[in-house]
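Under my numbering, residues -7 to 350 are what the sequence shown spells out, in order. Where is the CB? At the ideal position from N, CA and C, for every residue including glycine. In this text, all values refer to a predicted model and were calculated from it rather than measured experimentally.
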Amino acid sequence: MKTADRTGSRTVTPRPAGRVLVRVGPRVAIPVRRSSLLAAAVSVLLLLGAAVATLTAGRLGIGLTDLPSALTGGATGKNAFVLNRLRGPRLVVAVATGAALGLSGALFQSVTRNPLGSPDVIGLGAGSGAGAAAAALFFPGTVPVPVGALLGAVTAMGVVYASTGTGFRHPGRLVVAGIGVAAMATALTQYVVYAVERDKASALTAYINGSLSARSWEDATVIWGVLLVCLPFAALLARPLGVSEMGDDLSTGLGARPARTATAAVALSIVLSAGAVSVAGPIAFISLTAPQIAKRVTRGGGPQLVMSTLLGALLLVLADLAAQQSPFFDDLPVGLYTMAVGGAYLGHLLLREWRRPV
């Protein structure tokens, strides 16, 4: 609805109730829900708190009083080792990897309109695990395990794309093909774990469960590069995805192109997940849970790309903090902790379904 001012020389669009205008430059103003803005601010604060805890907690942690000088280049001795080699790269990789997985899941769930949809469902994680296993068994010392994981993920997605007959445009066929590819990839992974030597099998098992141990600044550069390249494309897809969630017929009537939007969103989701896999292995359930939590805390519709990105980063950093500081286990792969979170989330969904009237 537009109303004229007293002079009649211009029109003013009333701001929707419950929204604030976020200005980007002098001419662009974006209406944002107050609940979304508040949730994003709280998520950022929690992420900063988890990052500080990651660097300072435990016997090897940097003292809180020493942390500011360490972050500004004044770290020496043990603090320098912890910041530059032990926990600093691991934290930076965790933030970007979680953000990439959260954004990837939001894109995929928006396209499939399925709260249980994620890139894991279409076999990307299983394919990456099979690629890592194949590299360890058939090309030891020749093909690095992370490269094998990336090649496995790309191969799995190629098989899914070809087997659907419609590429990435049909969500139903996409999920069915992905389940088949995931089953075959998992069988290959289990065979390799059984066939290789015990020491190699232990290291491989840790990787295919998702691990952030011994990450480097090179890993951080890779995943941050992928994330920063993908973010502008995700921003361009935000509005078409919101329209597409209304249904293909209605969105087509509004001038959108749902098939093209779906293909672009799935492709971008795969790139983000493959980037995460290349540096941390197949970490499960972040891409599944982060978008759903984002919708619940903001109480808004649409894909919630920003909140999913922030919550993905927060969930993975918290899971890695638990992996490092757990008094019961010695640095378990972080993927085992995210599996526990994902299992709890699926149990919550099941209880909600039971309580819903038939």
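Exercise. Report back the beta-carbon spacing between Val85 and Ile215 to the nearest angstrom; my notes put them in contact at under 8 Å.
Key: 6 Å
Quiz prompt | Residue ranges of each alpha helix (DSSP H) within the segment 171 to 244, 4 or longer | solution = 190 to 200, 209 to 236
Quiz prompt | Bridge partners - Arg344, DSSP secondary structure assignment | solution = DSSP, once it has assigned bridges, lists no residue as partnering Arg344.
Practice problem: Note the first and the last residue of the continuous alpha helix (DSSP H) segment covering Ile262. | Solution: 250 to 272
Quiz item: What is the residue span of the alpha helix (DSSP H) that Leu307 lies within?
Solution: 297 to 317
Exercise. Leaving aside the five residues before and after Leu39 along the sequence, list all residues of the same chain whose C-beta is less than 8 Å from its C-beta, in chain order.
Key: Val87, Leu302, Ala305, Leu306, Val309
Exercise. Have a look at Ala177 and Gly273 and give me their C-alpha separation to the nearest angstrom.
Key: 15 Å
Self-check item: Rounded distance between the beta-carbons of Leu166 and Thr156, thought under 8 Å
Solution: 6 Å
Quiz prompt | Cβ-based burial, Lys(-6) [other Cβ within 10 Å; buried from 16] | solution = For Lys(-6), the predicted model reports a pLDDT of 46, less than 50, meaning its position is unreliable; a value from the coordinates is still stated below. Per the 10 Å Cβ criterion, exposed.
Quiz item: Can you name the start and end residues of the alpha helix (DSSP H) that Ile114 belongs to?
Solution: Note, Ile114: premise wrong, no alpha helix (DSSP H); not H, not E.
Quiz prompt | Thr104, buried or exposed, once every other Cβ within 10 Å from all chains shown has been counted against 16 | solution = buried
Quiz item: Quick check: the segment 49 to 65 against the segment 87 to 97, are there 3 or more CB pairs under 8 Å?
Solution: no
Quiz item: In angstroms, rounded to a whole number, what distance separates the CA positions of Ala148 and Asp58?
Solution: 47 Å
Quiz item: Between Ala282 and Ile275, which are expected to be in contact by the criterion C-beta below 8 Å, what is the C-beta distance as a whole number of angstroms?
Solution: So it is not a contact: roughly 12 Å between Cβ atoms.
Quiz item: With DSSP run on the structure shown, which of helix, strand or coil describes Arg105?
Solution: coil
Exercise. Would you check if the distance between the CB atom of Leu313 and the CB atom of Thr46 is smaller than 9 Å?
Key: yes
Quiz item: How would you call Pro295, buried or exposed, if buried means at least 16 neighbouring beta carbons within 10 angstroms?
Solution: buried
Quiz item: Is it buried or exposed for Thr68, if we count other Cβ within 10 angstroms and need 16 for buried?
Solution: exposed
Exercise. Could I get the ranges of all uninterrupted alpha helix (DSSP H) runs contained in the segment 132 to 164, with 4 residues as the minimum, in chain order?
Key: 137 to 156
Quiz item: Smallest Cα separation from Arg249: which of Ala179, Leu229, Leu83, Arg25?
Solution: Leu229
Exercise. Taking Leu324 as part of the alpha helix (DSSP H), name the residues at either end of that continuous run.
Key: First-last for Leu324: undefined, no H or E at that position.
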